[in-house]
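Everything in the sequence shown is counted per UniProt numbering, starting at 1 for the first residue and increasing by one.
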Amino acid sequence: MLSYALRRFLYMIIVLLLISVIAFTIIQLPPGDYLTSYIMELKIGGTDVPSESEIASLRKRYGLGLPIYQQYFKWMWGMLHGDMGKSFQYGERDVSELIAERLPLTVMINIFAIIFVYIVAIPIGIYSATHQYSKGDYIFTVFGFMGLAIPNFLLALILMLLFYKYFGLS
1 MLSYALRRFL
11 YMIIVLLLIS
21 VIAFTIIQLP
31 PGDYLTSYIM
41 ELKIGGTDVP
51 SESEIASLRK
61 RYGLGLPIYQ
71 QYFKWMWGML
81 HGDMGKSFQY
91 GERDVSELIA
101 ERLPLTVMIN
111 IFAIIFVYIV
121 AIPIGIYSAT
131 HQYSKGDYIF
141 TVFGFMGLAI
151 PNFLLALILM
161 LLFYKYFGLS
(Lines of atoms letter the chains of each structure in order from A and count residues from 1; the text may use other names and numbers.)
(Lines give C-alpha, C1' and ligand atoms only; values in the text may rest on other atoms or scores of the structure.)
Protein backbone atom coordinates (compact mmCIF):
# COMPACT_ATOMS: atom_id res chain seq x y z
CA MET A 1 0.00 0.00 0.00
CA LEU A 2 2.84 2.38 0.86
CA SER A 3 4.57 1.69 -2.45
CA TYR A 4 1.31 2.42 -4.28
CA ALA A 5 0.90 5.75 -2.43
CA LEU A 6 4.52 6.72 -3.14
CA ARG A 7 4.13 5.82 -6.81
CA ARG A 8 0.95 7.91 -7.06
CA PHE A 9 2.70 10.80 -5.30
CA LEU A 10 5.56 10.58 -7.80
CA TYR A 11 3.05 10.61 -10.68
CA MET A 12 1.40 13.66 -9.14
CA ILE A 13 4.72 15.54 -9.05
CA ILE A 14 5.45 14.61 -12.67
CA VAL A 15 1.97 15.73 -13.80
CA LEU A 16 2.30 19.03 -11.90
CA LEU A 17 5.66 19.68 -13.54
CA LEU A 18 4.23 18.93 -16.98
CA ILE A 19 1.26 21.21 -16.33
CA SER A 20 3.59 24.00 -15.20
CA VAL A 21 5.72 23.63 -18.33
CA ILE A 22 2.62 23.67 -20.55
CA ALA A 23 1.15 26.70 -18.74
CA PHE A 24 4.44 28.60 -18.94
CA THR A 25 4.80 27.73 -22.63
CA ILE A 26 1.27 28.93 -23.41
CA ILE A 27 1.95 32.19 -21.58
CA GLN A 28 5.16 32.66 -23.59
CA LEU A 29 3.68 31.69 -27.00
CA PRO A 30 2.35 35.07 -28.16
CA PRO A 31 4.95 37.20 -29.92
CA GLY A 32 6.69 39.75 -27.73
CA ASP A 33 6.10 40.06 -24.02
CA TYR A 34 3.94 42.14 -21.71
CA LEU A 35 6.39 45.03 -21.84
CA THR A 36 6.12 45.17 -25.64
CA SER A 37 2.31 45.15 -25.43
CA TYR A 38 2.36 47.83 -22.73
CA ILE A 39 4.58 50.10 -24.85
CA MET A 40 2.27 49.64 -27.84
CA GLU A 41 -0.73 50.62 -25.68
CA LEU A 42 1.11 53.74 -24.55
CA LYS A 43 1.94 54.67 -28.15
CA ILE A 44 -1.65 54.15 -29.30
CA GLY A 45 -2.99 56.13 -26.33
CA GLY A 46 -0.63 59.00 -27.05
CA THR A 47 1.03 58.71 -23.63
CA ASP A 48 4.74 59.23 -23.04
CA VAL A 49 6.66 56.10 -23.93
CA PRO A 50 9.54 55.08 -21.63
CA SER A 51 13.03 55.60 -22.99
CA GLU A 52 15.09 52.71 -24.33
CA SER A 53 17.24 52.70 -21.18
CA GLU A 54 14.12 52.47 -18.97
CA ILE A 55 12.78 49.62 -21.11
CA ALA A 56 16.13 47.80 -20.92
CA SER A 57 16.16 48.32 -17.15
CA LEU A 58 12.67 46.84 -16.82
CA ARG A 59 13.60 43.87 -19.04
CA LYS A 60 16.63 43.18 -16.84
CA ARG A 61 14.65 43.69 -13.61
CA TYR A 62 12.00 41.15 -14.59
CA GLY A 63 14.35 38.78 -16.41
CA LEU A 64 12.60 39.19 -19.76
CA GLY A 65 15.91 39.10 -21.62
CA LEU A 66 16.89 35.71 -20.19
CA PRO A 67 16.61 32.52 -22.24
CA ILE A 68 13.21 30.86 -21.97
CA TYR A 69 14.43 27.94 -19.83
CA GLN A 70 16.01 30.37 -17.31
CA GLN A 71 12.77 32.36 -17.20
CA TYR A 72 10.91 29.11 -16.47
CA PHE A 73 13.25 28.09 -13.64
CA LYS A 74 13.12 31.60 -12.15
CA TRP A 75 9.30 31.52 -12.34
CA MET A 76 9.12 28.00 -10.87
CA TRP A 77 11.52 28.92 -8.03
CA GLY A 78 9.32 31.89 -7.18
CA MET A 79 6.16 29.76 -7.31
CA LEU A 80 7.69 27.16 -4.99
CA HIS A 81 8.46 29.94 -2.50
CA GLY A 82 5.01 31.55 -2.75
CA ASP A 83 6.21 34.47 -4.88
CA MET A 84 3.81 34.75 -7.79
CA GLY A 85 5.43 37.93 -9.00
CA LYS A 86 4.17 41.43 -9.58
CA SER A 87 1.19 42.45 -11.66
CA PHE A 88 2.06 44.84 -14.46
CA GLN A 89 -1.60 45.62 -14.99
CA TYR A 90 -2.37 46.54 -11.37
CA GLY A 91 0.52 48.88 -10.62
CA GLU A 92 3.24 46.51 -9.46
CA ARG A 93 1.05 44.89 -6.79
CA ASP A 94 1.85 41.34 -5.71
CA VAL A 95 -0.19 38.76 -7.59
CA SER A 96 -0.71 36.82 -4.34
CA GLU A 97 -2.17 39.99 -2.79
CA LEU A 98 -4.59 40.36 -5.72
CA ILE A 99 -5.63 36.72 -5.42
CA ALA A 100 -6.12 37.07 -1.65
CA GLU A 101 -8.48 40.02 -2.25
CA ARG A 102 -10.66 38.06 -4.65
CA LEU A 103 -10.50 34.60 -3.10
CA PRO A 104 -13.13 35.03 -0.33
CA LEU A 105 -15.83 36.11 -2.79
CA THR A 106 -14.89 33.31 -5.18
CA VAL A 107 -15.10 30.72 -2.41
CA MET A 108 -18.45 32.12 -1.25
CA ILE A 109 -19.89 31.95 -4.78
CA ASN A 110 -18.68 28.36 -5.16
CA ILE A 111 -20.14 27.32 -1.82
CA PHE A 112 -23.52 28.78 -2.74
CA ALA A 113 -23.32 27.09 -6.15
CA ILE A 114 -22.63 23.71 -4.54
CA ILE A 115 -25.48 24.18 -2.06
CA PHE A 116 -27.82 25.14 -4.92
CA VAL A 117 -26.79 22.09 -6.94
CA TYR A 118 -27.48 19.77 -3.99
CA ILE A 119 -30.83 21.43 -3.24
CA VAL A 120 -31.91 20.88 -6.85
CA ALA A 121 -30.20 17.58 -7.67
CA ILE A 122 -31.05 15.47 -4.62
CA PRO A 123 -34.85 15.82 -4.91
CA ILE A 124 -34.65 15.22 -8.66
CA GLY A 125 -32.51 12.13 -8.09
CA ILE A 126 -34.92 10.80 -5.47
CA TYR A 127 -37.89 11.41 -7.77
CA SER A 128 -36.14 9.76 -10.72
CA ALA A 129 -35.21 6.74 -8.59
CA THR A 130 -38.71 6.27 -7.20
CA HIS A 131 -40.55 7.01 -10.47
CA GLN A 132 -38.26 5.23 -12.90
CA TYR A 133 -39.23 5.44 -16.61
CA SER A 134 -42.10 7.87 -15.95
CA LYS A 135 -42.67 11.07 -17.94
CA GLY A 136 -41.34 13.11 -15.02
CA ASP A 137 -38.18 11.00 -14.93
CA TYR A 138 -37.59 11.59 -18.63
CA ILE A 139 -38.27 15.33 -18.31
CA PHE A 140 -35.84 15.67 -15.39
CA THR A 141 -33.26 13.59 -17.28
CA VAL A 142 -33.53 15.85 -20.34
CA PHE A 143 -33.20 18.98 -18.19
CA GLY A 144 -30.26 17.40 -16.37
CA PHE A 145 -28.43 16.69 -19.61
CA MET A 146 -29.23 20.20 -20.86
CA GLY A 147 -27.76 21.59 -17.65
CA LEU A 148 -24.60 19.58 -18.19
CA ALA A 149 -24.36 20.67 -21.83
CA ILE A 150 -24.73 24.43 -21.26
CA PRO A 151 -21.32 26.06 -20.68
CA ASN A 152 -20.99 27.68 -17.26
CA PHE A 153 -20.17 31.13 -18.63
CA LEU A 154 -23.29 31.08 -20.81
CA LEU A 155 -25.49 29.99 -17.92
CA ALA A 156 -23.98 32.76 -15.77
CA LEU A 157 -24.77 35.36 -18.44
CA ILE A 158 -28.35 34.11 -18.79
CA LEU A 159 -28.86 34.17 -15.01
CA MET A 160 -27.40 37.68 -14.79
CA LEU A 161 -29.81 38.85 -17.48
CA LEU A 162 -32.79 37.22 -15.77
CA PHE A 163 -31.90 38.59 -12.33
CA TYR A 164 -31.40 42.05 -13.80
CA LYS A 165 -34.60 41.99 -15.85
CA TYR A 166 -36.98 40.48 -13.29
CA PHE A 167 -35.47 41.45 -9.94
CA GLY A 168 -33.58 44.64 -10.79
CA LEU A 169 -30.34 43.14 -9.47
CA SER A 170 -27.11 43.86 -11.29
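In this text, a Cβ means the ideal position worked out from N, Cα and C, and glycines have one as well.
Inset, instruction - Decide yes or no for the touch test of the stretch 90 to 108 against the stretch 35 to 50: beta carbon pairs closer than 8 Å, at least 3 of them. - result: In short, these stretches do not touch, since the Cβ pair count stays below three.
Inset, instruction - Might you give, ordered along the chain, the residues of its own chain that have their beta carbon closer than 7 Å to the beta carbon of glycine 85, omitting 5 neighbours on each side? - result: Close CB contacts of glycine 85 within its chain, under the 7 Å cut and outside five residues either way in sequence, are with Gly78 and Val95 (chain order).
Legend entry - Reduced DSSP category for serine 87 - H, G, I as helix; E, B as strand; rest coil: Strand.
Legend entry - residue 196 - DSSP class collapsed to helix/strand/coil: The structure shown does not extend to residue 196, since the chain is modelled only from 1 through 170, so no value can be given for it.
Legend entry - Helix, strand or coil at aspartate 137 [DSSP, three-state]: Of the three classes helix, strand and coil, the one that applies to aspartate 137 here is helix, per DSSP.
Legend entry - Sufficient close CB pairs (3 or more, under 8 Å) joining the stretch 53 to 61 to the stretch 96 to 114: Here the stretch 53 to 61 makes no contact with the stretch 96 to 114; the two share fewer than three CB pairs at distances below 8 Å.
Inset, instruction - Using a threshold of 9 Å, state whether the C-beta atoms of leucine 35 and tyrosine 62 are closer than that. - result: With contacts defined as CB atoms closer than 9 Å, leucine 35 and tyrosine 62 qualify as a contacting pair.
Legend entry - lysine 74 beta carbon less than 9 Å from that of leucine 80: It is not a contact, given that the beta carbons lie outside the stated cut-off.
Inset, instruction - Kindly provide the ranges of any alpha helix (DSSP H) runs that are 4 or more residues long and lie completely inside the stretch 37 to 69, ordered along the chain. - result: The qualifying runs are 52 to 62.
Legend entry - Nearest-angstrom Cα separation, counted from serine 128 out to phenylalanine 140: Rounded to whole angstroms, the separation of the alpha carbons of serine 128 and phenylalanine 140 is 8 Å.
Legend entry - Own chain partners of leucine 64 with C-beta closer than 7 Å, once the 5 adjacent residues on each side are dropped: Counting only Cβ-Cβ distances below 7 Å, and skipping sequence neighbours, we find Asp33 and Leu35.
Inset, instruction - Taking only the alpha-carbon atoms, compute the straight-line gap between methionine 1 and tyrosine 69 and give it to the nearest angstrom. - result: Put simply, the backbone Cα of methionine 1 is about 37 Å away from that of tyrosine 69.
Inset, instruction - Tell me, to the nearest whole angstrom, how far the beta carbon of serine 87 is from that of leucine 98; I am working on the premise that it is less than 8 Å. - result: Contact between serine 87 and leucine 98 is confirmed by a C-beta separation of about 6 Å, below the 8 Å threshold.
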